[in-house]
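Colleague:
In full-length UniProt numbering, the protein residues as written are 1 to 325.
(1) Leaving out five residues before and five after residue 246 in sequence, what residues of the same chain have Cβ atoms less than 8 Å from its Cβ?
(2) Whose C-beta lies closer than 8 Å to the C-beta of residue 147 among residues of the same chain, with five residues either side of it excluded?
(3) DSSP three-state call for residue 211: helix, strand or coil?
(4) Where in the segment 33–76 do unbroken runs of the beta strand (DSSP E), each at least 3 residues long, occur, reported from the N-terminal end onward?
(5) Let me know the secondary structure DSSP gives residue 123 once reduced to three states.
(6) Cutting at 6 Å between CB atoms, please list the residues of its own chain near residue 237, excluding the five before and the five after it.
(7) Tell me whether residue 296 sits in a helix, a strand or coil according to DSSP, three-state version.
(8) Using the C-alpha atoms, what's the distance from residue 156 back to residue 136?
(9) Tell me, please, whether the segment 80–87 touches the segment 183–197 by the rule of three or more beta-carbon pairs shorter than 8 Å.
(10) Taking the CB atoms as reference points, tell me whether residue 109 and residue 52 lie closer together than 8 Å.
(11) Under the assumption that residue 231 contacts residue 216 (Cβ atoms under 8 Å), give the Cβ distance between them as a whole number of angstroms.
(12) Excluding the 5 residues flanking residue 151 on each side, which residues of the same chain have their C-beta closer than 7 Å to its C-beta?
(13) Under a Cβ-count criterion, where at least 16 other Cβ atoms within 10 Å of its own Cβ denotes burial, should residue 6 be classed as buried or exposed?
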C-alpha cells in the first residue's frame, strides 16, 4: 500500500516543454510536484532555441531539489523550447519605414538588400532598436545597425548591419494607362502622382503639357514614371520656315503668314512671328506649315533680338507670304 501511494504522488518527467519565460523552473522538467516544491533552476534558452537535459543531469537535479522522480533513468531525455516570434524581412521593412517617417504620414519605399531574421520573445512589444542610421535621401542609400532590446549574450546574434534603399514620396508624372511603342502622346495619356514611392532615375518629366506630340519609344504600363528617355519628338515644323498662322473662333476664321521661331512637333505649342503685324504669337502645330493660335493666348510685340534671331535662322530659298488668306 505504501508503494502504491508513493507512485501516485511521485513526479513524472516532461519529455518536451515549451516555455515563454526567460527562466526555467523545476515544473518545466517535472509534473506532479509537491506543493511549494517548484522553483527557478536556471536561465531559459534564447527565444526559438531549445536545450536538452539528459538522464544523468535530470537525476542530479531531482536529487538536488528533493524531487521524488519514480521513473528516473540515465537514458531519459527532456527538451525545453522557448517560444519565439520570427522578425522577417517584412517586419524590418515596416520597422525602417516607421522609424524614418518619425510617426509622419508621408509614405516611404523601403527595399532591403541585407537582413538577418531574428527570433524574439513572442510578447516583446519592442524587440529591436536601430542606431547609426545613414540615409542619403537623394540616392536612397540606407544603412543602420539593429540591436536586440534584450541581448542574448551572443554578439553574433545580438546586432547586425541593415542596408538597402529608401525613397521618400515624390510628385511625378506617370502614364495613365498602358501604351504601346510609337504612340503619339497627349496630356490625357499621363497623370500626376503626388505620392510616388518607386525608384526614380534622372530625367523624370513633371510637366504634362511638355509631352504633347511626343512619341513613345517603347511600351509602357500604367503608373510608370514618364522619363525623357522614353520619348522622342519628330520635328515637323522647323525654326525659320514660313508658316500659316490660323486663328479660329465660332463663326470666324482668320489666317496670316508668319515664320516659326522654334522647331515644333505635331501638337506642340511653338512661338511664331506674324510677318504682317510684327507680333509674336503662340500656337499649336497642326502640320509642317501651320499653327493654330489659342484664343486665350496673347500676342506680344517682337523686339530686335527676336527679329535678329529669326533672320539668322531663316533657311535659304524660303520666302514668307505677306498677305492674309
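We put the CB at the ideal spot given by N, CA and C, even for glycine.
Modeller: Based on what the coordinates show:
(1) So the qualifying residues of the chain are 253, 254, 255, 283, 286, 290, 291, 292 and 293.
(2) Cβ contact annotation for residue 147 (same chain, cutoff 8 Å, sequence separation greater than five): 128, 129, 130, 131, 158 and 159, in chain order.
(3) In the structure shown, residue 211 sits in a helix (DSSP, three-state: H, G or I).
(4) Fully enclosed beta strand (DSSP E) runs of no fewer than 3 residues occupy 40–43 and 50–54 of the segment 33–76, in order along the chain.
(5) The three-state secondary structure of residue 123, taken from DSSP, is coil.
(6) Scanning its chain for C-beta atoms nearer than 6 Å, with the 5 sequence neighbours on each side dropped, one finds around residue 237 the residues 260, 264, 285 and 288, in chain order.
(7) Reduced to three states, the DSSP call for residue 296 is coil.
(8) Approximately 28 Å between the Cα atoms of the pair.
(9) Because the criterion of three Cβ pairs below 8 Å is not met, the segment 80–87 and the segment 183–197 do not touch.
(10) In this structure, residue 52 does not lie closer than 8 Å to residue 109 by Cβ.
(11) The pair is a contact, with the Cβ atoms about 6 Å apart (cut-off 8 Å).
(12) Contacts found: 158.
(13) Residue confidence for residue 6 is low, a pLDDT of 42 falling below 50, so the modelled location carries little weight; the figure read from the coordinates is stated next. Residue 6 comes out exposed.
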